[in-house]
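2 protein chains.
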Amino acid sequence: MAEPNVYDSTCSARDALELIASKWAMLILPALSAGPMRNSALLRKIGGISQKMLTQTLKDLERNGLVIRHDMQTVPPHVEYRLSALGNSLSEALIALDRWAERHSGDLDAARERFDAGRTEGV
Amino acid sequence: MAEPNVYDSTCSARDALELIASKWAMLILPALSAGPMRNSALLRKIGGISQKMLTQTLKDLERNGLVIRHDMQTVPPHVEYRLSALGNSLSEALIALDRWAERHSGDLDAARERFDAGRTEGV
DNA sequence: ACAATTACGCACCTTTTGGTGCCTATGAGT
DNA sequence: ACTCATAGGCACCAAAAGGTGCGTAATTGT
Chain A
1 MAEPNVYDST CSARDALELI ASKWAMLILP ALSAGPMRNS ALLRKIGGIS
51 QKMLTQTLKD LERNGLVIRH DMQTVPPHVE YRLSALGNSL SEALIALDRW
101 AERHSGDLDA ARERFDAGRT EGV
Chain B
1 MAEPNVYDST CSARDALELI ASKWAMLILP ALSAGPMRNS ALLRKIGGIS
51 QKMLTQTLKD LERNGLVIRH DMQTVPPHVE YRLSALGNSL SEALIALDRW
101 AERHSGDLDA ARERFDAGRT EGV
């Protein structure tokens, strides 16, 4: 327990990894790095996410101290989400990943095409 | 299509993100960054992974050009996996994430405890 | 008076993910 | 002659992820 190691499945670092290795967390945290956002704004910004997954992921991130939820206690509801310091430090690493994905998605596409073509052309 | 954006669910960068936002890819790629490895070595190094998931993930990574599979064509089989240049550039970002997880898993644990305690203590 | 808005909760259902056990082939060790 | 190790494939099954539709409470706009 002294030296957390992600390769050890019993280590809590593994749990941490699973939390952040989520498609939605990888988008929500970087989205919040620009500043606090409301539910509806996140819903608009992150294409393809459902209300359910947004709420669920935000709650999970809040529970783990990465996101801070601020409920204005008004009706109709006004709730803002922002990064904690911890969340902010993580989102830097996630932004790097997102950028990598944006920059290299073309390479992946090309590799996939090559691979699949090779498979059908036989030996 | 000119500017790939991960927030756009129809963009191929999103597919790229989903590929790398996988628990196992996040461990396999960094593991390979130390040098080529055999199936059995990876199985030993990465605690908790099953043979099935290892094979499956490696195949997916190979298909997308991140990992190169080198089959020695011997019996008993000897197969080595190593990172491509593309895979290597990605693994740097992943290693940063793994390290974050190792360094901050304690913070996450603490936050979770606090959160859950608050929930049970009532209003 | 009536609809829309906001940020969800809940239940139901489908899809995906992942685990397990069983199978292959051959050469090396006993 | 027999077993072990290697790198998987394949089929079956359990579990988890995720989508959709419905309800909610009060206030603002028409």
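Protein chains in written order, with full-length UniProt numbering: chain A, 1 to 123; chain B, 1 to 123. Beta carbons are placed, not taken as given, at the ideal position from N, Cα and C, and that holds for glycine. The model shown is predicted, which means the values in this text are computed figures rather than measured ones.
Asked	Found
Rounded separation between A85/B and Y81/A - CA only	38 Å
P30/A and L108/A closer than 8 Å at C-beta	no
Cross-chain neighbours of R69/A in chain B, by beta carbon under 9 Å	The contacting residues do not exist; R69/A stays about 11 Å from chain B at best.
Where M37/A sits in the DSSP three-state scheme	strand
Closer than 9 Å at the beta carbon, the chain A residues around A96/B	E92, A93, A96 and L97
Contact test: L54/B Cβ vs the ligand NAD heavy atom, cutoff 7 Å	Ligands displayed in this structure: none; no statement on the ligand NAD is therefore possible.
Nearest to S89/B (by Cα), restricted to the options S91/A, A101/A and N88/A	A101/A
Closer than 8 Å to chain B by CB, M53/A	no
Listed by chain order, chain A residues near residue 125/B by CB distance under 9 Å	This structure cannot settle anything about residue 125/B, because the visible part of chain B is limited to 1 through 123.
Simplified DSSP assignment, three categories, for D71/B	strand
Close-in-space but distant-in-sequence residues of the same chain around residue 142/A (CB under 7 Å, 5 per side omitted)	Look at the range of chain A in this structure, 1 to 123, and you will see that residue 142/A is not part of it.
Other residues of its chain near M26/A: CB distance less than 8 Å, five sequence neighbours each side excluded	I20, L94, L97 and D98
Where T57/A falls, given that 16 or more other Cβ within 10 Å makes a residue buried	buried
Chain B contact for G65/A (CB, 8 Å cutoff)	yes
Nearest-angstrom beta carbon gap, G106/A and D8/B [assumed within contact, 8 Å]	With a Cβ gap of about 15 Å, D8/B and G106/A do not count as contacting.
Any C-beta of chain B under 8 Å from that of G47/A	yes
Under 7 Å from the C-beta of A34/B: neighbouring residues of chain A	Within chain A, no residue comes near A34/B; the closest Cβ sits about 11 Å away, beyond 7 Å.
Buried/exposed call for H104/A, threshold 16 Cβ in 10 Å	buried
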